[in-house]
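To start, the structure under review is shown below, and the notes come after it.
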Amino acid sequence: MEASKKRQSEMVQEISGTNPLKCMKCGKCSASCPAYEKMDIKPHQFVSYVINEDVEALAKCDSLWVCLSCFACVERCPRDVKPGKIVDAARQLAVRQKGGSYLVPDEIPALVDEDLPQQLLVSAFRKFRR
Amino acid sequence: MHGIGVFVCHCGSNIAATVDVKKVVEMARLEPGVVHAEEYQYMCSEAGQERIATAIREKNLKGIVVCSCSPRMHEATFRKCAEKAGLNPYMVEIANLREQCSWIHKDIEEGTEKAVILARAAIAKVSLNTSLLPGESRVTKRALVIGGGIAGIQTALDIADAGYEVDIVEKTPSIGGKMAQLDKTFPTLDCSACILTPKMVDAAAHERINLYTYSEIEKVSGFVGDFTVDIRKKARYVNMDKCTGCGVCMEKCPSKKALSEFNSGLNNRPAIYTPFAQAIPNVPVIDPTQCTKLKTGKCGICERFCQAGAIDYTQKDEIVTRKYGAIVVATGFEIIKLDNLEEYAYSQSKDVITSLELERIMNAAGPTKGHLERLSDGKAPKNIVFVQCVGSRCDESKGKPYCSKICCMYTAKHAMLIRDKYPDVNVTVFYIDVRTPGKNFDEFYRRAVEEYGVNYVKGQVGKVAPQPDGSLLVHGVDLLDGKQLKISADMVVLAAAVEPSPSVRKIATMLTASIDTNNFLTEAHPKLRPVESPTAGVFLSGICQGPKDIPETVSQAGAAAVKVVGLLAKDKLLTNPCTAKPDELMCNGCGSCANVCPYGAISYEVKEINDHGIRENRRVAVVNSALCQGCGACTVTCPSGTMDLQGFSNRQILAEVDAICR
Amino acid sequence: MSMNTEFKPKIVAFCCNWCSYAGADLAGSSRLAYPADVKIIRVPCSCRVNPMFILRAFEKGADGVIICGCHPGDCHYSTGNYYARRRMTLLFSMLDYMGIERGRTRVEWVSAAEGVKFSNTMNEFVDAVRTLGPNKRLGDLRCKD
Amino acid sequence: MKELLQDGTVNRVLGWKKGDLPYNPEPAFFKSAEELDEFIYDGFCGANLSKYMIAASALEGKTLVLLKPCDSYSFVQLMKEHRVDREKAYIIGVGCKGKLDIERIKAEGVKGIESISGAEIDGDCSTLKIGTIYGEKEVAYKDAMLERCHVCKGKEHRIYDELMLESADTLDSGRFEAVEAIENMTPEQKFAFFKNELSKCIRCNACRNVCPACSCRKCVFDSTKFDSAQKANVDEFEEKMFHIIRAFHVAGRCTDCGECSRVCPQGIPLHLFNRKFIKDINEYYGEYQAGNNVEDETPLTDFTFDDLEPGERR
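Residue numbers (the numbering used here), protein chains in the order written: chain A, 1 to 130; chain B, 1 to 662; chain C, 1 to 145; chain D, 1 to 314.
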């Protein structure tokens, strides 16, 4: 059990390519986050979950799906910790566990709205891809 | 060589734990030339040294090897010990059994085997050692201080008061530095100018201090005790002897578009200017990039109005060459550029300013005459947000990895002063940590919170967004309350990181003083020699060595001065005898050794050489051993091996190689 | 047990007194281990290292030679390591040209503060030399089969 | 030449003297007009006379020296190293139509040579007519040329007081082709190649003695300073390392005159060492020709802040 928790935490670090220990808890990520109000776990708290090897809680939280993947936090983080990448990695872990109940790529073009901003699409792909 | 003694130190258990010292002694005895070998608990102790001295005397040892810690640690100790016992100090070699053996190896067999080899190499080397006598070099009793800020001024004053001549070289037209730009100082809130200007006057009036303002270091050669420095005195276009400092020229100058460096570029100054009213020397300079006369040949107004006839458009840069015994670097700091931190909108809004700019705004001699107002529209701000750690404690892609150390305190000072003078202004400080180690520092910060009602919020600002109505929307977070904040401010003050003055890199290269990745000068030892550079005769004062506030800078300035005085008080210095030595018989006189010598220590003479009975005049290399520092560059460039390095001769090094590879 | 794990290479490291030797001391005081195969010779500057020393080491049975000096720009003698860099660039290129394995020679700039780098460098270098096995080629250069 | 010698402008002439065979003229000092009768300058006068000027610089009066275009580089390099005295030399730059290699002629299967014509400097130098005990044979001049002439640096003298005789262009192959070919070998092939070549070395020191850059009063290999003296016969160190160290010592100073390879009795292509250094220097630090002039900084006593690191490639 302990080992699998540790493994999950390592997976997040591996996928995200970040080192949560670099965080100095300045909160700039939370200050920058446009989705802050809707989040249950705030951006500056992500690193603690990884350090404390509680990725499970992170993978279950709403923030995972509230995050817009705008990467403002990644861009501005003074220590290059990239909370957005951490949440992205947690999301991938969650997605991997859930199994394949997602869109087939061929179905997508029909569903795309012309007026939709590109960035949203990319974010959506990042969030919902398998 | 016969008569070698080997002394193996246990260093308590530091060496003895992973090296079988008895075995090392046993093996050393088998080496050729070794007549004595022993081990002892602590060779560097008095009892240990006594053992060595006794053995040297009783067994008439010709050379000794001490197997102990690094030679960087105790080579000098054992050399002294040998000298006292009547052995030339350069007949001592150290085998580094601690740092380079016992401390890195866990296996005793492996450690012992390596220790035996290291001892063997040292024995092989010492058997080829020759007695060397250090030379003497004179000490020029004059010091150079580079930089005329508070660090440089204080160092110069202390050296001069101790009785030695000092020159200060300052690149701007006046001494005073950054401290002259400050309004008040923490934690006492006394006026910066009030405490600095008397020191500036003292320095200028001191009979043993000579100021070279508007001057830069051009070239440095020589070594401790005997540096030769070229100083470029930039053309002032004003004759310093004639100028009375009346200031009419500055009033009359029609070209007033240049940004005032002293006021952080917040207002303008004329082309002919002194940086500030209390400048020392009170002699203006003409900025050649701004002066119409110098650019187009037309104008000449200042010359016409100058009663003293001091204006001289034909002045040229002048190089003065001076000799010094010691050099102090006090080049200070600059505020970093904020290009990588665009989220704070520094370049987008005039009302986002740095703390140094606020310093000028609050100063009575500043661009707003001391009135707190917005630079965009001149209105009095109602909400001010301070942002801490701007570019400090950052990943290297964004800013500086270090803490700038002074920002927490000056921000508390600013917040307090504003609340004191304008009680209706709301002041919010976004901080990550408030760092206040220092006498009366935390008390000062607490007063800002408790007495002056400054609103401290833990959390970094994410973004500053200029609004169409001219206000600034600050996106922040209160991490303790778990709330995201959006504060409408009308002024944002950024505590931008400090960095060493960019000029220091060039100066460090000229001085061969080492510099770290952040361009701070490296000290000789971080704890025990904090004001000395590893380069002998070069000392450090102020922020050039690392971030520090005024009291720390002044103490370091005093410490550097004492070190300088200690050096200048000596009449002669002993020089390193490990210098290059040419063999005249072999020398081709080809010139390649002089080409690679960084000290100009090699010259060529035509000498009559007696080469096995054949007398002829030959051009041969001659080494000035006072200039030679013993790097050995010449020894390798010389194809015939004419040049050899005493103490590290070809044969000695080859003997070590052979012993290691045996 | 393969040959490589038993093979204990002889490695000679020339370290300049001001930076790399101090870096090695720091590795020691920080207890950063590296193989005992490495034996350090102290020289005042990397520019003191004569190609003769390197070839002599190989001749006497060294399996690898590494030269460590101050980082370019930080030389205690201001320019020594720049000369060393040119000399070693050419010498190592020549050895490579003669078919002597490139992995047996190395130059690394290690400052007095880089104990970790010193230790890592030595670990890497010893590994590389171990993989190459005992040095035979220089010895064999003039022996006809 | 005779006039200059007779009117006292020069005290002696440094040139080539007829040998005992048609193809082996040798360097010689001529002190009188009579002695000059034995003077010769033809296609076999490959010897670079500039090194003899070191000794001549110590003699009384001026020496008239004949330098081929490629020899003049060596002379300039020696001037740069303060080894020869320009004031003591009267330099006649002689033209060159390529110099011949008797080994190449022999390699063509020519044996029992009695006479050779067609090597005269004033001829057209296209065909050699060789009289042998087996009858007359013909060899194309070009095929008999030394390797160095095929990669000629050009027929312009770097220094002279007077020019004589015509030159002919002989450059017809790439200077670094052979070096590149070796560079492209596998480490095993490289090793095998050099092992084969160096195994022939008998340490006769001919290469060292002829080399204008190897002009040390005392060679390190004869000196006590490196523990390498008097061991030539017992310690194989010198023998193995000699050529590497020799090439290193002349790196940046070697003008690529090719004398080392010309004189090697074992036919070891020693220029391949020097030329490798020259190629590397050109590639890493910019084109450099030793002996071009006296002003240029020698590559190994120079540097730039952003030089390549060892092993790095541009």
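Here a beta-carbon is modelled for each residue, glycine too, at the ideal position from N, C-alpha and C.
Your pair Phe273(D) and Ala290(D) does not check out as a contact, with CB atoms roughly 15 Å apart and the cut at 8 Å. Here the alpha carbon of Phe648(B) sits roughly 12 Å from the alpha carbon of Val657(B). Counting only runs that start and end inside the segment 614-645 of chain B, the beta strand (DSSP E) elements of at least 3 residues fall at 614-623, 643-645. Looking at the DSSP output, Ile168(B) sits in a beta bridge with Val145(B), Leu211(B). Taking 8 Å as the upper bound for CB-CB distance, Lys218(D) and Met586(B) are in contact here, some 5 Å apart. The continuous beta strand (DSSP E) containing Leu473(B) extends over residues 472-478. Identification of residues in the segment 499-532 of chain B having a C-beta nearer than 7 Å to some C-beta of chain D yields an empty set. From the listed residues Val504(B), Gly3(B), Val126(B), the smallest Cα separation to Gly542(B) is found for Val504(B). DSSP places Gly103(C) in no beta strand (DSSP E); its state is neither H nor E. Here Lys114(B) is near Lys39(C), since their CB atoms are less than 8 Å apart. Collapsing the DSSP output to three states places Cys47(C) in a helix. Under the Cβ criterion of 8 Å, Val49(C) is not counted among the residues facing chain D. Only exposed fits Tyr134(D), as fewer than 16 other CB atoms lie within 10 angstroms of its CB. Within the DSSP secondary-structure output, Phe276(B) pairs in no beta bridge.
In the DSSP annotation of this structure, the continuous segment of the alpha helix (DSSP H) that includes Leu58(A) starts and ends at 55-60. Under the Cβ distance rule, Thr637(B) counts among the residues neighbouring chain D, one pair being separated by less than 8 Å. In this chain, Tyr97(C) is not harboured by any beta strand (DSSP E); it is covered by the alpha helix (DSSP H) spanning 80-97.
Taking 7 Å as the Cβ-Cβ cut-off, the segment 68-89 of chain D approaches chain B at Glu81, His82, Arg83, given in chain order.
For the segment 292-314 of chain D, the residues whose beta carbon sits under 9 Å from a beta carbon of chain C are, in order, Pro299, Leu300, Thr301, Asp302, Phe303, Thr304, Phe305, Asp306, Asp307, Leu308, Glu309, Pro310, Gly311, Glu312.
Secondary structure of Arg7(A) (DSSP, three-state): helix. From the listed residues Leu341(B), Ile195(B), Val623(B), Ile108(B), the smallest Cα separation to Glu396(B) is found for Leu341(B). Counting C-beta pairs with one atom in each stretch, the segment 14-27 of chain D and the segment 49-56 of chain D have three or more that are closer than 8 Å, which means they touch. Counting only runs of 3+ residues, the beta strand (DSSP E) found wholly inside the segment 371-429 of chain B occupies 383-390, in chain order. In the three-state DSSP reduction, Ile4(B) falls in the strand class (E or B). For the C-beta of Asp395(B), the chain A residues within less than 7 Å are, from N- to C-terminus, Pro78, Arg79, Asp80. Looking only at Asn383(B), Lys84(B), Ala95(B), the smallest Cα-Cα distance to Cys9(B) is reached by Ala95(B).
Contact check between the segment 317-326 of chain B and the segment 433-447 of chain B: fewer than three CB pairs, one atom from each, fall below 8 Å, which does not count as touching.
Within 7 Å of the CB of Tyr36(A), the CB atoms of chain B belong to Gln484, in sequence order along the chain.
Excluding residues up to 5 positions away in sequence, Ala508, Leu521, Thr522, Ser533, Pro534, Thr535 lie with their Cβ nearer than 8 Å to the Cβ of Ser514(B) in the same chain. DSSP, read as helix, strand or coil, puts Asn268(B) in strand.
Using a Cβ-Cβ cut-off of 8 Å, Ile244(D) counts as an interface residue toward chain C, since at least one Cβ of chain C sits closer than that to its own. Counting only runs that start and end inside the segment 502-550 of chain B, the alpha helix (DSSP H) elements of at least 4 residues fall at 503-511. Within chain D, the residues Lys225 have their CB atoms less than 8 Å from the CB of Asp644(B), given in chain order. Ranked by Cα distance from Val564(B), the first of Phe539(B), Gln556(B), Thr553(B) is Phe539(B). The alpha-carbon separation between Asp63(C) and Pro32(B) amounts to approximately 26 Å.
DSSP places Leu270(D) outside both helix and strand once states are collapsed to three, so it counts as coil.
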